[in-house]
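Chains A and E supply the protein sequences, listed in that same order. Counting with my numbering, you get residues -2 to 106 for the letters of the first sequence. Counting with my numbering, you get residues 1334 to 1447 for the letters of the second sequence. Think of the CB as a built atom: it goes at the ideal place given N, C-alpha and C, for glycine as much as any other residue.
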Amino acid sequence: EDKVVQSPLSLVVHEGDTVTLNCSYEVTNFRSLLWYKQEKKAPTFLFMLTSSGIEKKSGRLSSILDKKELFSILNITATQTGDSAIYLCAGYNTDKLIFGTGTRLQVFP
Amino acid sequence: NAGVMQNPRHLVRRRGQEARLRCSPMKGHSHVYWYRQLPEEGLKFMVYLQKENIIDESGMPKERFSAEFPKEGPSILRIQQVVRGDSAAYFCASSPRRGSYEQYFGPGTRLTVT
């Protein structure tokens, strides 16, 4: 059965800290790994990773995929209170996204 | 360019009633996906539809749940005889073609069964 596991489940940090969110996956017909940010509404797209070892960056966020170890990480540097959200990781197989349960990040001033 | 639209945003039903959730995909998108998010859980795939076709319904409960995406009009997720365990957020996503990694999500419908 397809499975995506995220850790930690919850993270509480202070502004300015750096955080690393983890995602491991077992997805049949795996095509890519996607990261979303969810703030009490629709998930918003962050990254899509298809190739191993190539880091994708967007401002203070970056992510990388390891297809050998079936693993991805999402890094957020210099965290801000606006980064508080649930971060979802999803494996894409032929036709659907398989989501993990998410990591709830809380950033306090 | 309007995004994915879902209505209603909030729906309250008593046990035994029917719930109808609507999803209008982004303009130019003909592929729709429904996901359910139970409290404190991630999104779970339910069904994937193309216009007038169900492509993959492997995540749909066997009873009471059905989905359609007619040639004209929105996609509809229908839940008959709702139970408390159906209370969840139901998200719809759309994509322009099969095999597209990009799925754009709507704001969701929060269903509460009393």
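Check                                                                                                                                           : Outcome
Pairing CB atoms from the segment 47 to 60 of chain A with CB atoms from the segment 90 to 104 of chain A, are three or more of them under 8 Å? : no
How many whole angstroms separate the CB atoms of T15/A and T78/A, which I take to be in contact at a CB cut-off of 8 Å?                        : Not confirmed; about 15 Å, so no contact.
Between E1401/E and chain A, is any beta-carbon pair separated by less than 7 Å?                                                                : no
L1376/E CB to nearest chain A CB: under 7 Å?                                                                                                    : yes
Out of K1384/E, F1402/E and R1411/E, which has the shortest C-alpha to C-alpha gap to K1395/E?                                                  : R1411/E
Against P40/A, what residues of chain E qualify as contacts under a CB-to-CB distance less than 8 Å, listed in chain order?                     : L1376, F1424 and F1438
Any residues in the segment 14 to 47 of chain A with a beta carbon nearer than 9 Å to a beta carbon of chain E? Which ones, in chain order?     : R28, S29, L31, Y33, Q35, K38, A39, P40, T41, F42, M45 and T47
Please report how far the alpha carbon of E(-2)/A lies from the alpha carbon of N72/A, in whole angstroms.                                      : 28 Å
Can you tell me whether T25/A is buried or exposed, with buried defined as 16 or more other CB within 10 angstroms of its CB?                   : exposed
By the three-class DSSP mapping on this structure, what secondary structure does T74/A have?                                                    : coil
By how many angstroms is the C-alpha of E36/A removed from the C-alpha of R1430/E?                                                              : 27 Å
Which residues bound the beta strand (DSSP E) around T100/A?                                                                                    : T100 to F105
So, is the C-beta of D1328/E closer than 7 Å to a C-beta in chain A?                                                                            : Nothing in the structure corresponds to residue 1328/E, since chain E is present only between 1334 and 1447.
Using only the alpha-carbon positions, how far apart do N19/A and T98/A sit?                                                                    : 12 Å
Residues in its own chain within less than 8 Å of T1445/E by CB, not counting five upstream and five downstream?                                : H1343, L1344, V1345, R1346 and S1420
Give me the Cα-Cα distance between P5/A and S60/A, rounded to the nearest whole angstrom.                                                       : 16 Å
Note the first and the last residue of the continuous beta strand (DSSP E) segment covering F27/A.                                              : Unbroken run through F27/A: none, as it is neither H nor E.
So the beta strand (DSSP E) L6/A belongs to, where does it begin and stop?                                                                      : No beta strand (DSSP E) holds L6/A; DSSP gives it neither H nor E.
If you measure from the beta carbon of G56/A to each beta carbon in chain E, is any gap under 7 Å?                                              : no
Identify whether D63/A lies in helix, strand or coil by the three-state DSSP scheme.                                                            : strand
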